[in-house]
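Per this note's numbering, the very first residue in the sequence shown carries number 210; after that it's consecutive. Think of the CB as a built atom: it goes at the ideal place given N, C-alpha and C, for glycine as much as any other residue. Keep in mind the model is a prediction, meaning the values are calculated, not measured.
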Amino acid sequence: MAANTTIYLGEHGKTVYVDLQYDISSATNVRILFSASAGTFSASVSTLGSNYSTSCGDVFSANKGIEYIVASGDFSATGADKYRAWVVCTFAATAKLISDSFEFVVSNPGD
210 MAANTTIYLG EHGKTVYVDL QYDISSATNV RILFSASAGT FSASVSTLGS
260 NYSTSCGDVF SANKGIEYIV ASGDFSATGA DKYRAWVVCT FAATAKLISD
310 SFEFVVSNPG D
């Protein structure tokens, strides 16, 4: 579901892509949520408006993928941990879709 999900403590500016496999172009709110032993937080994302290919060869279809850019402090305060992430899309007042979750580990550089 997600590409490029190796994240190190204190890292920021890295882009994480998630393929949702359903059209979210009409969503009014799209967020990614992260859960770990220290708690849960959410972040804003951008919908991929056109097809996108990563340098690893992953292809994300237009309006069916999101990109999340790791912000400073997102993964630095809790220490190394296993995270679960999922995407929530709200479509006005008519629907709310929640993606399958995926897991990744935030680790210390050099681990």
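Check: List the whole-angstrom C-beta distance separating N260 from V254, where the pair is believed to meet the contact cut-off of C-beta under 8 angstroms.; Outcome: Going by Cβ atoms, the distance from N260 to V254 rounds to 17 angstroms, so no, they are not a contact pair.
Check: Taking all protein chains shown into account, decide if Y226 is buried (16 or more other Cβ within 10 angstroms of its Cβ) or exposed.; Outcome: buried
Check: According to DSSP, what are the bridge partners of E276?; Outcome: Y226 and S255
Check: From this set, L218, L242, E220 and Y231, which residue's C-alpha is nearest A294's C-alpha?; Outcome: L242
Check: Per DSSP, which one or two residues make a beta bridge with T249?; Outcome: S244
Check: Using the Cβ count rule (16 or more neighbours within 10 Å means buried), how would you classify A236?; Outcome: buried
Check: By DSSP's criteria, L306 is part of a beta bridge. Which residues make up the other side?; Outcome: C298
Check: Straight-line CA distance for V321 to R240?; Outcome: The shown model of the chain, from 210 to 320, leaves out residue 321, and the question about it has no answer.
Check: Can you check which of these residues, A252, N238, T215 and F284, is closest to T303 by C-alpha distance?; Outcome: N238
Check: If we count the other Cβ atoms within 10 Å of its Cβ and call it buried at 16 or more, is C265 buried or exposed?; Outcome: exposed
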